[in-house]
Amino acid sequence: MDERPEEYAWMLKAKCRGISPTEFFPSDGVGVEVAQQICDGCPVVAECLEYALENRIEHGVWGGASERERRRILRRRRQAAAARTADSEPLQAVHHA
Ligand code: SF4
Numbered sequence: 160m161d162e163r164p165e166e167y168a169w170m171l172k173a174k175c176r177g178i179s180p181t182e183f184f185p186s187d188g189v190g191v192e193v194a195q196q197i198c199d200g201c202p203v204v205a206e207c208l209e210y211a212l213e214n215r216i217e218h219g220v221w222g223g224a225s226e227r228e229r230r231r232i233l234r235r236r237r238q239a240a241a242a243r244t245a246d247s248e249p250l251q252a253v254h255h256a
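In our numbering, the protein residues as written are 160 to 256.
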């Protein structure tokens, strides 16, 4: 019986179960594409990607996303969060001399 905590339950449905983890830590672009082909059609691709983003996992292919793609997603999220914060700030009074 698997005794992983609930937050890891999605891993039981991973398409890559049984595949060597080294496939997901490629050293070049070709290796990234091979890993992404494995991820293609994985039933837990969204959970996998979110796990990597939330845990700031920098290396490897997770949820079909390369290291660079995940950095881009995180950057976009930070920018969107900053824009939301700016939108919700009260307007500052502007004083002219
Ligand atoms: S998305 Fe890719 S790395 Fe993640 S569980 Fe599925 S096959 Fe594995």
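The beta carbon of each residue, even a glycine, is placed where N, CA and C say it ideally should be.
For Asp224, the residue or residues it bridges with in DSSP: First, the amino acid is wrong: residue 224 is Ala here, not Asp. Looking at the DSSP output, Ala224 bridges to Trp221.
Alpha carbon of Cys175 to alpha carbon of Arg231, nearest angstrom: Rounded to the nearest angstrom, the two C-alpha atoms are 24 Å apart.
Gly222, buried or exposed, once every other Cβ within 10 Å from all chains shown has been counted against 16: The residue is buried, with at least 16 neighbouring Cβ atoms inside 10 Å.
Spatial neighbours of Lys172 in its chain, beta-carbon cut-off 7 Å, leaving aside the 5 residues before and after: For Lys172, where only same-chain residues beyond five positions count, the Cβ hits under 7 Å are Pro202, Val203.
Unbroken alpha helix (DSSP H) run spanning Tyr167, endpoints: Secondary structure note for Tyr167: it is in no alpha helix (DSSP H), with a DSSP letter that is neither H nor E.
Nonlocal neighbours in the same chain, by C-beta distance under 7 Å from Trp217, ignoring five residues either side: According to the sequence as given, residue 217 is Glu; it is not Trp. Apart from sequence neighbours up to five positions away, the residues of its chain that approach Glu217 with a beta-carbon distance below 7 Å are Glu226, ordered along the chain.
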